[in-house]
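Student:
2 protein chains.
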Amino acid sequence: MDIKLIIKLNDKLYLRNPEESDLGRKILQHSIVLIEQIGFESFTFKKLAQEIGTTEAGIYRYFENKHRLLLYLVDWYWSWQEYRLMMETKNVADAETKIRTAINLIATRVEDDLSTGHINEKLLHDIVMAEGAKSWLTKHVEADNKDQLFKPFKDLCARIAEFIKTYNPDYAYPFSLSSTMIEMAHSQYFYMQHLPSLTDFGNAKSGDEIIRFLEQMVFGVLDSTSKPEGKKKKTG
Amino acid sequence: MDIKLIIKLNDKLYLRNPEESDLGRKILQHSIVLIEQIGFESFTFKKLAQEIGTTEAGIYRYFENKHRLLLYLVDWYWSWQEYRLMMETKNVADAETKIRTAINLIATRVEDDLSTGHINEKLLHDIVMAEGAKSWLTKHVEADNKDQLFKPFKDLCARIAEFIKTYNPDYAYPFSLSSTMIEMAHSQYFYMQHLPSLTDFGNAKSGDEIIRFLEQMVFGVLDSTSKPEGKKKKTG
DNA sequence: TTTATATAGATAGTAATACTATCATAATAA
DNA sequence: TTATTATGATAGTATTACTATCTATATAAA
Numbered sequence: 005m006d007i008k009l010i011i012k013l014n015d016k017l018y019l020r021n022p023e024e025s026d027l028g029r030k031i032l033q034h035s036i037v038l039i040e041q042i043g044f045e046s047f048t049f050k051k052l053a054q055e056i057g058t059t060e061a062g063i064y065r066y067f068e069n070k071h072r073l074l075l076y077l078v079d080w081y082w083s084w085q086e087y088r089l090m091m092e093t094k095n096v097a098d099a100e101t102k103i104r105t106a107i108n109l110i111a112t113r114v115e116d117d118l119s120t121g122h123i124n125e126k127l128l129h130d131i132v133m134a135e136g137a138k139s140w141l142t143k144h145v146e147a148d149n150k151d152q153l154f155k156p157f158k159d160l161c162a163r164i165a166e167f168i169k170t171y172n173p174d175y176a177y178p179f180s181l182s183s184t185m186i187e188m189a190h191s192q193y194f195y196m197q198h199l200p201s202l203t204d205f206g207n208a209k210s211g212d213e214i215i216r217f218l219e220q221m222v223f224g225v226l227d228s229t230s231k232p233e234g235k236k237k238k239t240g
Numbered sequence: 005m006d007i008k009l010i011i012k013l014n015d016k017l018y019l020r021n022p023e024e025s026d027l028g029r030k031i032l033q034h035s036i037v038l039i040e041q042i043g044f045e046s047f048t049f050k051k052l053a054q055e056i057g058t059t060e061a062g063i064y065r066y067f068e069n070k071h072r073l074l075l076y077l078v079d080w081y082w083s084w085q086e087y088r089l090m091m092e093t094k095n096v097a098d099a100e101t102k103i104r105t106a107i108n109l110i111a112t113r114v115e116d117d118l119s120t121g122h123i124n125e126k127l128l129h130d131i132v133m134a135e136g137a138k139s140w141l142t143k144h145v146e147a148d149n150k151d152q153l154f155k156p157f158k159d160l161c162a163r164i165a166e167f168i169k170t171y172n173p174d175y176a177y178p179f180s181l182s183s184t185m186i187e188m189a190h191s192q193y194f195y196m197q198h199l200p201s202l203t204d205f206g207n208a209k210s211g212d213e214i215i216r217f218l219e220q221m222v223f224g225v226l227d228s229t230s231k232p233e234g235k236k237k238k239t240g
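Line by line, the protein sequences are chains A and B.
Mapping of the first sequence onto this note's numbering: position 93 corresponds to residue 97, and the numbering continues sequentially without gaps.
Mapping of the second sequence onto this note's numbering: position 112 corresponds to residue 116, and the numbering continues sequentially without gaps.
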């Protein structure tokens, strides 16, 4: 079986669809490598052009500026995560299992490549952890939001919120809990690596502890507000 | 009673202490106004100099670059929050009350000015919400961390972690829960304002709902793991 | 009072960034 | 064959992020 996964994103993200040409795919591929390497602040289209063997102007034909390119990558990542979550929870009836699956997906470091040729998911995961927040922490969030540029993240958030609502229909903050879970998975990982005294995962360098932390937190709240029959604490 | 609060910060943050001169205090005052207005990306020392009526070179005598200035402001903010927390929890024995006080402090939008002349805490609060993450989301986090530039945030985090440990000594993740609380207070507020579909606070424009969300979350976890006598759910 | 020192203002300059514009060429499609 | 499109090559501009130097003024030390 040779399956190719192509994720189609909002066309306001780009001037020319990078998935539809060699140069476009090279831009995606090498921007991931370069941003991960030198960080988004130091990343410039000129440096990227040199890596690829094209010119600055060539890249500007695909993306208006580097922030749009970042948005593209971040949106790609969240769309991919939503796709994975849908796959993993297919035919699963139990809401608790769905939530646990979601936590595992977002809090486990991506290690392998997939059927997506030019996209290195592992590096992309690191980028989203380290730079993702910069995609919305701008003065033009609201304009970008109107253009639907945050839809993939919102969609994922809404999916998990659905699981939460199914698990405990009485819980008042399914969306906030969902977005919190996702953000915490990333920021606790970042802290663990760079500012460990903000966490309790000093020595453990795997993400397993983060998963336990998140599970305890999520089921702690969901089980402490009035909860469906048959569900009792499984987290302590 | 006329009390003046001066917060002394790590001297690696600046080249010349901005609290010790007229120009320095003007830099602090106007950088807060300007960053809040145009955002950190668009903010430059040249624009700031024009606001103040000095020159670019003048500002470079105080701060190496704009990132250091942001760090200064962010550190000032967290030091101030820790100070407020210590004040508010003085002579309070009950750990639950201390935690609730902490949540209220970090999740309530700062509205008033204090005895700190040139620092506008309300604007500063908005800056820390919108730009704070950029202070550590860089490729030089670890170098900055070695210079202790994140100490004020860590200190606040450790204080709240202490409250958590007192409240429930069996809970395994006091630091992660503490940093999560603080971050969530900010990011949920930011979402509420700009990306409301990531939250459950769409209409409510006050921070009260965020406080309830956080309280439920924190006590949900802390009461679901084994807990001290006399503490039962108060959050549902 | 003189002199040294520190602080700020004024001005200039430089490399890099974030673009925009134009022209030529090669590949492809009509 | 011609028109269209994608890319490459080159140039140019305003702004950013600095560094350097020189002068005037205020304050502190001798």
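Backbone N, C-alpha and C define an ideal beta-carbon position, used for all residues, glycine too.
Note that the structure is a prediction, hence the values are computed from the model and not measured.
(1) Using alpha carbons as the reference points, say which of A/18, A/29, A/38, A/49 lies closest to residue 121 of chain A.
(2) Please list the partners that residue 141 of chain A has in chain B, where partner means a Cβ-to-Cβ separation under 7 angstroms.
(3) For the segment 97 to 108 of chain A, enumerate the residues whose C-beta is nearer than 7 angstroms to any C-beta of chain B, in chain order.
(4) One question on the structure: do residue 79 of chain A and residue 14 of chain A come within less than 8 angstroms of each other, judged by their Cβ atoms?
(5) Taking the straight line between their C-alpha atoms, what separation do you get for residue 61 of chain A and residue 219 of chain B?
(6) What did DSSP end up calling residue 71 of chain A once you bin it into helix, strand or coil?
(7) Under three-state DSSP, which class holds residue 239 of chain A?
(8) Anything in chain A within Cβ reach of residue 176 of chain B, meaning under 7 angstroms, just list it in chain order.
(9) In terms of residue numbering, what span does the alpha helix (DSSP H) encompassing residue 157 of chain A cover?
(10) Ordered along the chain, which non-local residues of its own chain (more than five positions away) have a Cβ less than 6 angstroms from that of residue 45 of chain A?
(11) If you pair each beta-carbon of the segment 206 to 221 of chain A with each one of the segment 25 to 44 of chain B, do three or more pairs fall below 8 angstroms?
(12) Name the chain A residues whose beta carbon is nearer than 8 angstroms to that of residue 199 of chain B?
(13) Among B/156, B/112, B/63, B/64, which one has its Cα closest to the Cα of residue 2 of chain B?
(14) Drop a sphere of 10 angstroms on the beta-carbon of residue 137 of chain B, count the other beta-carbons inside from all chains shown, and report buried for 16 or more, exposed for fewer.
(15) Suppose you measure from the CA of residue 240 of chain B to the CA of residue 100 of chain A; what does that come to, to the nearest Å?
(16) Should the segment 156 to 172 of chain A be regarded as contacting the segment 191 to 211 of chain B, the criterion being three or more beta carbon pairs within less than 8 angstroms?
(17) Buried or exposed, going by whether 16 or more other CB atoms sit within 10 Å of the CB of residue 64 of chain A?
(18) Measure the beta-carbon distance from residue 106 of chain B to residue 128 of chain B and round it to whole angstroms, keeping in mind my assumption that it falls under 8 angstroms.
(19) Within the same chain, show all residues whose beta-carbon is closer than 8 angstroms to that of residue 151 of chain B, passing over the 5 residues directly before and after it, in chain order.
(20) Do you know offhand how far residue 98 of chain B's Cα is from residue 134 of chain A's?
(21) Going along chain B, which residues have a C-beta under 9 angstroms from residue 227 of chain A?
Tutor: So, from the listed chains and residues:
(1) Within the first sequence, the letter at position 117 stands for residue 121 of chain A. The residue with the shortest Cα to Cα distance from residue 121 of chain A is A/29.
(2) Here residue 141 of chain A refers to the residue found at position 137 when the first sequence is read from its first residue. 134, 135, 137, 138, listed in chain order.
(3) none
(4) As a position in the first sequence, residue 79 of chain A is number 75, starting the count at 1. As a position in the first sequence, residue 14 of chain A is number 10, starting the count at 1. Yes, the pair counts as a contact, with Cβ atoms nearer than the cut-off.
(5) Along the first sequence, read from residue 1 onward, the residue named residue 61 of chain A stands at position 57. Along the second sequence, read from residue 1 onward, the residue named residue 219 of chain B stands at position 215. Spanning the two alpha carbons is a distance of roughly 52 angstroms.
(6) For this step, residue 71 of chain A is matched to residue 67 along the first sequence. The answer is helix: DSSP assigns residue 71 of chain A an H, G or I state.
(7) Position 235 of the first sequence, counted from the start, is the residue given in the question as residue 239 of chain A. With a pLDDT of only 43 at residue 239 of chain A, under 50, the local geometry of the prediction cannot be trusted, and the value read off the model is given with reservation. Correct three-state label for residue 239 of chain A: coil.
(8) Position 172 of the second sequence holds residue 176 of chain B. By Cβ distance, chain A contributes 204.
(9) Sequence index remark: in the first sequence, residue 157 of chain A carries index 153 (1-based). 155 to 171 is the extent of the alpha helix (DSSP H) around residue 157 of chain A.
(10) Position 41 of the first sequence, counted from the first residue, corresponds to residue 45 of chain A. None.
(11) no
(12) Walking along the second sequence from the start, residue 199 of chain B turns up at place 195. Those within 8 angstroms of residue 199 of chain B in chain A are 140, 145, 149, 154, 158.
(13) Outside the displayed span of chain B (5 to 240) sits residue 2 of chain B, for which this structure offers no information.
(14) The residue labelled residue 137 of chain B in the question sits at position 133 within the second sequence. Buried, since its Cβ has 16 or more Cβ neighbours within 10 Å.
(15) To locate residue 240 of chain B, count along the second sequence from 1; it is residue 236. To locate residue 100 of chain A, count along the first sequence from 1; it is residue 96. With a pLDDT of only 38 at residue 240 of chain B, under 50, the local geometry of the prediction cannot be trusted, and the value read off the model is given with reservation. Their Cα atoms are separated by approximately 20 angstroms.
(16) yes
(17) By one-based count along the first sequence, residue 64 of chain A stands at place 60. Exposed: under 16 other Cβ atoms inside 10 Å.
(18) Translated into positions along the second sequence, residue 106 of chain B becomes position 102. Translated into positions along the second sequence, residue 128 of chain B becomes position 124. 19 angstroms between Cβ atoms; not a contact.
(19) Within the second sequence, numbered from 1, the residue matching residue 151 of chain B stands at position 147. 14, 16.
(20) Along the second sequence, one-based indexing puts residue 98 of chain B at 94. Along the first sequence, one-based indexing puts residue 134 of chain A at 130. Their Cα atoms are separated by approximately 38 angstroms.
(21) Residue 227 of chain A sits at position 223 when you count from the first residue of the first sequence. What residue 227 of chain A touches in chain B: 224, 228.
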